[in-house]
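Trainee: Residues in the sequence shown are numbered consecutively from 1333, following my numbering.
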Amino acid sequence: MGQKIIPATRPGLVIFASLLLISTAHAGPSKERYSVDMEWGTAWQEKNDVQSPNTASGTRFSLSGLTGDGPYSAPRLQFTLPLNHRDDLRLVAAPLRIDERGPLTGVVNFQGTNFTAGTASATYRFDSYRATWRRTINDSADWVLKAGLTAKVRDAEITLRQSTSTASRSDTGFVPLLHFYAQKNLSERSRLIFDVDGLASGRGRAFDLSLRAAYDFRSGLSGFVGVRLLDGGADNGSIYNFARFHYLTAGVTFKGL
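This is the structure:
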């Protein structure tokens, strides 16, 4: 049997729920209303390259070549709470999971376990939980601009299975990101919305960019369609993994009283 490393808990869900309770309890007065955003995404992989361990003993291989490009279901839930007339808190839960069978084109050593060329099964999970503080830096009839900081908890797992061999690597950790939001008002009921969480360093990067067209059906209810790009990964002594996903998105936004 191969090596299996699985965390004892999923702290992302606990942190997300705790922040939601704290934000609700401590929000200050504001004329703005809280909002709940439900997004349905369809995602395709452009690439997903993996090597673990990231040493001479590990094999770098294309996980997307094994699982295929997609499409895959990628839902997302977002809660935004105004803290005052300039600041708001945004909480995001964005799970992503792929379970597929496909070909390994050569021998792969993953987590100390050898897999031969041939059919194998793979699981790729990348669940993201985020809390963003952002401040409005411009609010005019045409443009709304916001900037802030995002605290991200990633809960990730890669598993390979072939016959009696199984190897898995899990990674749960904290990632600080920068945040920017831009809204272009087209009319009283329609607008374009761009937002990004992202940061890069010498050892990796994480970017989540979204562009939407939104329309107000009535007071408190709007719909949107858009595109999203999820790109990032890490290159360190224990793992090399870089992935890029393209999304088509649609959803609804509810605003509270």
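Where a beta carbon is used, it is the ideal one built from N, C-alpha and C, also for glycine.
Look up Phe1556 in the DSSP assignment and give the residues it is bridged to.
Mentor: Along the sequence shown, read from residue 1 onward, the residue named residue 1556 stands at position 224. Its beta-bridge partners are Ala1546 and Gly1583.
Trainee: If contacts are defined as beta-carbon pairs under 8 Å, then Trp1376 and Gly1402 qualify, I think. What distance do you get, rounded to the angstrom?
Mentor: In the sequence shown, the residue the question calls residue 1376 occupies position 44. In the sequence shown, the residue the question calls residue 1402 occupies position 70. Correct: roughly 4 Å between the Cβ atoms.
Trainee: Do you know whose CA, among Gly1438, Val1439, Gly1434 and Asp1474, lies nearest Thr1455's CA?
Mentor: Sequence index remark: in the sequence shown, residue 1455 carries index 123 (1-based). The shortest C-alpha separation from Thr1455 is found at Gly1434.
Trainee: With a CB to CB cut of under 7 Å and the five nearest residues on each side skipped, what residues in its chain are close to Ala1449?
Mentor: Residue mapping note: residue 1449 aligns to position 117 of the sequence shown, counting from 1. Here the set comprises Leu1436, Thr1437, Gly1438 and Val1439.
Trainee: How many angstroms separate the CA atom of Tyr1366 from the CA atom of Thr1491?
Mentor: Translated into positions along the sequence shown, residue 1366 becomes position 34. Translated into positions along the sequence shown, residue 1491 becomes position 159. Taking the straight line from one Cα to the other gives about 39 Å.
Trainee: Here's the rule: buried if 16 or more other CB atoms are within 10 angstroms of the residue's CB, otherwise exposed. What is Val1471?
Mentor: By one-based count along the sequence shown, residue 1471 stands at place 139. Reading off the sequence, residue 1471 comes out as Asp, not Val. Classification of Asp1471: exposed, given that the 10 Å Cβ count is below 16.
Trainee: Alpha carbons only, please: which of Val1382, Glu1378, Arg1493 and Ala1582 is nearest the one belonging to Thr1326?
Mentor: The structure shown has nothing for residue 1326, since the chain only spans 1333 to 1589.
Trainee: So, Asn1441 versus Gly1390, is the Cβ gap smaller than 7 Å?
Mentor: Taking the sequence shown and counting its residues from 1, the one referred to as residue 1441 is at position 109. Taking the sequence shown and counting its residues from 1, the one referred to as residue 1390 is at position 58. Yes, the pair counts as a contact, with Cβ atoms nearer than the cut-off.
Trainee: Please report the Cβ distance between Arg1546 and Arg1523, rounded to the nearest whole angstrom; I am assuming they are in contact, meaning their Cβ atoms lie under 8 Å.
Mentor: Translated into positions along the sequence shown, residue 1546 becomes position 214. Translated into positions along the sequence shown, residue 1523 becomes position 191. Note that residue 1546 is Ala in the sequence shown, not Arg. Yes, they are in contact, since the Cβ atoms of Ala1546 and Arg1523 sit about 5 Å apart, within 8 Å.
Trainee: Can at least three beta-carbon pairs, one atom from the region 1515-1535 and one from the region 1494-1503, be found at a separation below 8 Å?
Mentor: Taking 8 Å as the limit for Cβ pairs, the verdict is that the region 1494-1503 does not touch the region 1515-1535.
Trainee: At the level of alpha carbons, what is the spacing between Ala1359 and Arg1544?
Mentor: Your numbering for residue 1359 matches position 27 in the sequence shown. Your numbering for residue 1544 matches position 212 in the sequence shown. Confidence at Ala1359 is low in this model, with a pLDDT of 44, below 50, so the placement of that residue is unreliable and no value is reported for it.
Trainee: Output the residue ranges of the alpha helix (DSSP H) runs that lie fully inside the region 1351-1433 and measure 4 residues or longer, sorted by chain position.
Mentor: List check, alpha helix (DSSP H) in window: 1395-1399.
Trainee: Look at the alpha carbon of Phe1393 and the alpha carbon of Asp1419, and state the distance between them as a whole number of angstroms.
Mentor: One-based indexing of the sequence shown puts residue 1393 at position 61. One-based indexing of the sequence shown puts residue 1419 at position 87. Answer to the nearest angstrom: the Cα atoms are 44 Å apart.
Trainee: I'd like the list of long-range same chain contacts for Glu1489, defined as Cβ closer than 6 Å, with 5 residues on each side in sequence excluded.
Mentor: Walking along the sequence shown from the start, residue 1489 turns up at place 157. Closer than 6 Å at Cβ, skipping near neighbours: Arg1457 and Ser1502.
Trainee: For the region 1474-1530, which segments carrying the beta strand (DSSP E) assignment without a break, of at least 3 residues, lie completely within its bounds, in sequence order?
Mentor: Within the region 1474-1530, the complete beta strand (DSSP E) runs of at least 3 residues are 1475-1494 and 1497-1517.
Trainee: Answer with buried or exposed for Ile1354, where buried requires no fewer than 16 other C-beta atoms within 10 angstroms of its C-beta.
Mentor: Taking the first residue of the sequence shown as position 1, residue 1354 is located at position 22. The predicted position of Ile1354 is uncertain, since its pLDDT is 46 and thus under 50; no value can be drawn from it.
Trainee: Whole angstroms are fine: how far does the CA of Leu1415 sit from the CA of Lys1478?
Mentor: Counted from its first residue, the sequence shown places residue 1478 at position 146. Counted from its first residue, the sequence shown places residue 1415 at position 83. Taking the straight line joining both Cα atoms gives about 14 Å.
Trainee: Given that a residue counts as buried once 16 or more other Cβ atoms are within 10 Å of its Cβ, and exposed if not, what is Gly1588?
Mentor: Indexing the sequence shown from 1 puts residue 1588 at position 256. Exposed is the call here.
Trainee: Excluding sequence positions up to five away, which residues of its chain have a Cβ less than 8 Å from the Cβ of Thr1585?
Mentor: By 1-based counting over the sequence shown, the position of residue 1585 is 253. If we look at Thr1585 and ignore the five residues flanking it on each side, its Cβ neighbours are Ser1367, Val1368, Asp1369, Met1370, Ala1546, Leu1553, Ser1554, Gly1555 and Phe1556.
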